[in-house]
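Please read the structure below before turning to the comments.
This is how it looks when you write it as structure tokens:
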């Protein structure tokens, strides 16, 4: 394992943190995440118990405990391993050195800790991974070496005391011992099952049960290794998850063979997207880290699964699918794993019934997609998402019921997928129905005043969530208009729709209010009345906080009645839809950038794209880095009161990818061929990057542009 | 003065409070208010300074200090009078007895305090009134008597240290001495002037200036009297207020003659409305007190002045005109002082330009009347009306911009005035224009969804202010429909309006969403989605308060997301508009009554009316008494943090009058003649009451019903 990480380091494909800090567990859990699209393992130590938030987070399986938020299940942790007397954080005083590494080249988590034994040094190394090919498998190799002969007691097994945010979700457990293998089945009160199985190493042969202990004798300076191989299956995968988990262990190859196939798959993934940024190793590493995370959570194994807003890093944001996927991650998947893009959009097609039902529940027609989508398109978003720091009461928020741009965002993703892949089959196989129902949704939502020819979308929330219940949000109106027009264009080809309805789509598209640029300033109002709000700086608004944790938005937040916004809104519009010229982008960038808190990880990349478009790559650079480094840097908003809201930031990662390609490289497609119009930061000498399209691989290279 | 109060007591027309309590000054200021429509004097002691909130509150003249709320001016207090060594609260330890009385029969404030002088008793009596005929005059007689001979020092004059809520409003003063008379002119920074003049009694001849002192020698058991006569004029009345104030004093009759004419006018007013409730002296007194207050604040001297929501009891609610006048007080004025009803509605006609301007400012057409109307129809209501008790921050409220029923309420008042008086001249002279612009307002506000034939009034606040920004509030929709229909009916007779517009009025009226009674329960939803809100009791909601002063409404208030409401809303609708049968009233009364906090003094009377309509006078009785006794009982919500929000409750008084007449007496008019359908509380033996209509006086008498 030392050679692997050395290679990765040499190739600028490793993230390393030296030194032990007890409080770093939350950040490190995200920073050193390994995953394979089916599951993700937070980068916690193998001996971590609940308080340090270890988790084997599963994609696409949710449970709701009582009236709590619904959230994805974490499997019982089958890779628990602890050295008695040499565990962290308990034995932190014995730590001589401690290094965590993420080997992005091979998809490994690595940990090396040297402990002071009193008479010498004991080294513990762990190499852990989610198998990239057989996504039900996860494994760890433990490597021990002491410079003096010593006896150790080790504990390992399947930890049923699962870390959950709104759990516990398992109300019962069943175990089954099958010789060297044990399976632990967690059962939820709604009949769901998750089985974690572990193949114990021979040293445990003497004991039984899901948690086992063993005595290990170390000879001086002789390495001792232990291999743990485990598997996870759920009742979504198979009717008998326990059996499948045991079968998987009984038939799987030995550890070294698993390693080989895992590395081969990672190699093939990197092969598709090799990125080099000469002249800026930090940017290169950050961009590769962003891509690493996008690859680690891509549901390559599925045909109708999407990617959650916090990837597979835990239960934050309920493991739900947000607009993040279509609006921020899709570019990357299209260019590198188009089958994953397809799976994400298939998920939306499959979950149309949930969207139809949601619209109906609000007295509307068509498809009102979930703001936080879980199985079947059910909306996991509750009406109360923020806790008032002053009263401790839940605050009524309107993300679920008013953030109506979500439906258009999905249409946008579909349209982009079809345009990129030419795969109109997706339209024929449900996509056109989604587009039609999306247009119906807006048609049913749009109002007109009796005395006006202008149609309105009233009482909405745009991407900037700090301003609730606004009228004619520019982004929302234009995305709805795009949806109506696209529906009018493509639906008649696939569906039998009355002409009158198509006429209505077009009429609504042409009458829906345009937030036109102000003739003098060129500024597009974010919504009706926005420009009349108090015009103060982000710093002034920040200085009004009475509590550093209080919510800036809502009815009475410090930003709510000012022009200070959370994230790109008008700027997002200018970057996702065509037709805005450089002058307008420039004026709106200059107006909105200084009024934006960037309180969402989705903000910086949109501004960076815009900065590139107006010829300011140096202004774009820090915004790009903020996006690309989101999961290296750590920090950010991790806690809302006592609730953990941290995790990885795949949308920021996808956003960084957009900035690199569409922004710095100025990538466009002309006659099916990529064209670069580079506008690189001064320090960047050359960028090379692979993209796939229509089965062909293109090596983009700024030296050849 | 002792005979007068004895008469009043005998006739059950006096309110008396015995004993001195320092903290009672706020309640007593309202309870013992005297007024004449031009001004009101709070029932404070003559020696009261700022902290005890004395005021000579003026009708129809406002000033705004800096960015504070606009509020009516209080004149410099010209009836300041103090006995050195025998002043309250300073010398409370010397009080032997203390009695305050309101002589409603003659319109006097009376105070008698007996002080212990150490060697005997000193009695101070004060009789004070606002002259009912010459409304610029106010006067006080001071009566002193000691049972031992003694010397006293007295101080009197015009107190320029005016009590204000959001003042001080006078930025400069000018004084002018003219022999026995002195005038003090207060000047605001926007050029307004208020002059208070005082005719000093001869004992002050030796001194000069606006505040004078004098030595008084009392012989044992010999009464000593001092008369103070003063006058108030403003720059709204005359270009030279100081001169007018002095002239008024120089030409006015002597104190006794003033007393006589004042009493005669009160007698003539009582003659119009004599009310007797045999069998229930408390109810009789309460009803008379309600009428007393309505008479004291009636702008009999003016032709286009209205009545403020807190009458003339101070600056609370900015001295502004609310819907209270048209919806709660109008019945009384129509039946007793129709010229006052006319003045109130003329005020709305005169202030139409302000309403047109307000609509325009919101991008709407027609007349959007001010929620808190001051001169010219300007809206004194700010966007921030409530202070968050947890953060001390102002909370954005929507009374100003969303409580759109105000325009229909005014049309309702106009329609009622015309129907009662037959005075269609008011329609010809501006009234029809108001109705037309009101209908235009709703037409511009109403929206329709593209896929629906139903029109909506979205994003409004109904009478129940706890639920903000709701859709299709039943009360608002029906009042808007009434407005549109009434406009279609009457406007063509007075105005040249295109037929197309009339057609639009009718179309909007017929398509506007009806909150139809639920077919099973008969309950009318207060607004879209109301019945799906959390259904908990008022007590449960109250138990959730973290701070007794916190606001129940707004975005996150304890009531906001429940079915608990502040005040009559659906029930108000059922009582103000015809066409709801007894069954519907019964079902909605039973549903809503227990969900109503009655957090507004406008609530109880509507429920009482409804209770009478469904044959439950005993249920109506406590609600009636709550309304009628509002200004005797005192208490209620008097402070919002450090801001005084107390005052008299003329709308509750008017509401009590409605309950008595329309409710308990079941008064209707058939062929121009009053018909009674009494449903009296069991204890009530007989009710007699005078009403005027068409120049005729009718003595309603339940014994003749």
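Protein chains in written order, with the working numbering: chain Z, 4 to 708; chain W, 4 to 708. Idealized CB from N, CA, C, for every residue including glycine.
- In its chain, beyond the 5 residues on either side, 615, 618, 620, 667, 669 have a beta carbon closer than 7 Å to the beta carbon of residue 682 of chain Z.
- Taking a cut-off of 8 Å on C-beta distances, the segment 94-111 of chain W does not touch the segment 395-409 of chain W, as fewer than three cross pairs fall below it.
- Judged by their CB atoms, residue 135 of chain W and residue 273 of chain W are not nearer to each other than the 8 Å cut-off.
- Within the segment 453-468 of chain W, the residues whose Cβ lies closer than 9 Å to any Cβ of chain Z are, in chain order, 453, 454, 455, 458, 459, 461, 462.
- Annotation: residue 66 of chain Z is outside any alpha helix (DSSP H); the continuous beta strand (DSSP E) that includes it extends over 59-67.
- Where residue 397 of chain W is concerned, the enclosing beta strand (DSSP E) starts and stops at 397-399.
- Under DSSP, residue 324 of chain W forms a beta bridge with W/376.
- Taking a Cβ-Cβ cut-off of 9 Å, the neighbours of residue 449 of chain Z in chain W comprise 452, 453, 454, given in sequence order.
- Taking 8 Å as the CB threshold, residue 628 of chain Z stays off the interface with chain W.
- By the neighbour-count criterion, in which 16 or more other beta carbons inside 10 Å mark a residue as buried, residue 130 of chain W falls on the buried side.
- 8 Å or more divides the Cβ of residue 63 of chain Z from the Cβ of residue 45 of chain Z.
- With the criterion set as a beta carbon lying under 7 Å from some beta carbon of chain Z, the members of the segment 378-404 of chain W are 391, 393, 394, 396, 398, 399, in sequence order.
- For residue 215 of chain Z, no CB of chain W lies under 8 Å from its own CB, so it is not counted at the interface with that chain.
- Fully contained in the segment 631-708 of chain W are the following alpha helix (DSSP H) runs of length 4 or more, in chain order: 633-636, 653-661.
- Here residue 680 of chain Z is exposed: its Cβ has fewer than 16 other Cβ atoms, across all protein chains shown, within 10 Å.
- Secondary structure at residue 30 of chain Z: helix, using DSSP grouped into helix, strand and coil.
- Sequence-distant Cβ neighbours of residue 664 of chain W in its own chain, meaning closer than 6 Å and more than five residues away, are 670.
- In this structure, the beta-carbon distance from residue 230 of chain Z to residue 52 of chain Z does not fall below 8 Å.
- Interface flag for residue 558 of chain W against chain Z is set, since a Cβ pair is found closer than 8 Å.
- Residue 564 of chain Z belongs to the set of residues whose beta carbon lies under 8 Å from a beta carbon in chain W.
- By the beta-carbon neighbour count (other beta carbons within 10 angstroms, threshold 16), residue 702 of chain Z is exposed.
- Distance from the CA atom of residue 573 of chain Z to the CA atom of residue 539 of chain W, rounded to whole angstroms, is 42 Å.
- For residue 511 of chain W, the C-beta contacts it makes with chain Z under 7 Å involve 453, in order along the chain.
- DSSP links residue 160 of chain W through a beta bridge to W/83, W/214.
- With a 10 Å radius around the Cβ and a threshold of 16 neighbouring Cβ atoms, residue 222 of chain Z comes out exposed.
- Per DSSP, residue 255 of chain Z lies in no alpha helix (DSSP H) segment and is marked neither H nor E.
- Going by C-alpha positions, residue 148 of chain Z is about 41 Å away from residue 65 of chain Z.
- Taking the Cα positions, residue 466 of chain Z is about 52 Å away from residue 196 of chain W.
- Short of 8 Å from the beta carbon of residue 345 of chain Z, and not among the five residues preceding or following it, lie these beta carbons of its own chain, in chain order: 306, 420, 424, 426, 429.
- With a cut-off of 8 Å on Cβ pairs, the segment 155-173 of chain Z is in contact with the segment 80-95 of chain Z, counting three or more such pairs.
- Between the segment 408-415 of chain W and the segment 386-398 of chain W there are fewer than three C-beta pairs closer than 8 Å, too few to call the two in contact.
- Exclusion of the five residues before and after residue 289 of chain Z leaves 628, 631, 632, 635, 659 as the residues of its chain whose Cβ lies within less than 8 Å of its Cβ.
- In this structure, residue 588 of chain Z and residue 613 of chain Z form a Cβ contact; the two beta carbons are roughly 5 Å apart against a cut-off of 8 Å.
- Of the other Cβ atoms in all chains shown, fewer than 16 fall within 10 Å of the Cβ of residue 672 of chain W; this residue is therefore exposed.
- Contact of residue 536 of chain W with chain Z is not assigned, every C-beta pair being separated by 8 Å or more.
- For chain Z, the residues of the segment 471-499 of chain W that bring a beta carbon within less than 8 Å of one of its beta carbons are 472, in chain order.
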